[in-house]
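Student: So the sequence shown is numbered by my numbering: it starts at 67 and just counts up by one.
Heads up, the beta-carbon is just placed ideally off N, CA and C, and yes, glycines get one too.
This is the structure I have questions about; it appears just below.
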Amino acid sequence: MTQTSENVTWLTQEAYDQLKAELEHLSGPARAEITEKIAAAREEGDLKENAGYHAAKEEQGKQELRVRQLTQLLQTAKVGEAPAATGVVAPGTVVTIAFDGDPDDTLEFLLASREYASSDIETYSPQSPLGAGVNGKKIGDTAVYELPNGKKATVKILEAKPYSG
C-alpha cells in the first residue's frame with residue numbers, strides 16, 4: 067500500500083517500537099511520578115514562592131506536550147519502507163542538492179521526520195522550507211524555497227534515492 071500524504075511519517079519498525087515505548091512510559095510511570103512530585107511540592111506550603119512546585123508543573127507541561135506529539139506522530143506513522151520511486155523527491159528519500167546550481171556546493175539529506183532516521187544523516191522535514199521546496203521534484207529540476215531572512219534560495223536536485231537506514 068502506497069500512501070503519499072504529506073502527513074505520513076515513515077518509520078522503521080525499530081523507531082516505531084522505541085517511540086511507542088517512550089509514549090507508554092510517559093503516559094504511565096512518568097505521569098505518576100510527576101503527579102507525586104507536584105503533590106509533595108504542594109505540601110511544602112505557599113505555592114507562589116515554591117520553586118519545586120513550579121519546576122514540577124513545568125516538567126509536567128513538557129511531558130504532556132511530548133505525549134501529544136508522540137500520539138499524533140504514531141497515529142500517522144507508516145512502518146516499513148517509504149515508496150521506492152527513485153529519481154523523485156518524496157518523504158523517505160535521500161536527496162542530494164546543489165545550491166544555486168553550483169555542483170561543488172552540495173548537501174545530502176534525508177527528507178523525513180527526525181524520528182525516522184538514525185543520527186548519521188542530516189534530516190529535513192517535508193514541512194520545512196527546504197523540504198517543501200524540493201518535495202515532488204525530479205532529478206535535474208530546480209526548486210526555490212524561502213530562507214529564514216526572507217530571501218529566496220535556488221537548489222538543483224542532483225539525486226533522489228530511497229533511504230536504506
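Quick one: what does DSSP say E95 is sitting in, helix, strand or coil?
Tutor: A quick correction: the sequence has Pro, not Glu, at residue 95. Three-state result, P95: helix.
Student: Counting Cβ pairs closer than 8 Å, one from the segment 215-226 and one from the segment 193-206, do we hit at least three?
Tutor: They touch, by the three-pair rule.
Student: Here's the rule: buried if 16 or more other CB atoms are within 10 angstroms of the residue's CB, otherwise exposed. What is P95?
Tutor: Classification for P95: exposed.
Student: When the Cα atoms are used, what is the spatial distance from A209 to A178?
Tutor: Looking at the two C-alpha atoms, the distance is approximately 18 Å.
Student: What's the C-alpha gap between A98 and L139?
Tutor: For A98 and L139, the distance between alpha carbons rounds to 23 Å.
Student: Tell me whether the segment 124-142 and the segment 84-93 touch, counting them as touching only if at least three CB pairs, one residue from each stretch, are closer than 8 Å.
Tutor: Cβ pair count under 8 Å is three or more, so yes.
Student: Return helix, strand or coil for L131, following the three-state DSSP convention.
Tutor: Looking at L131 - three-state DSSP - the assignment turns out to be helix.
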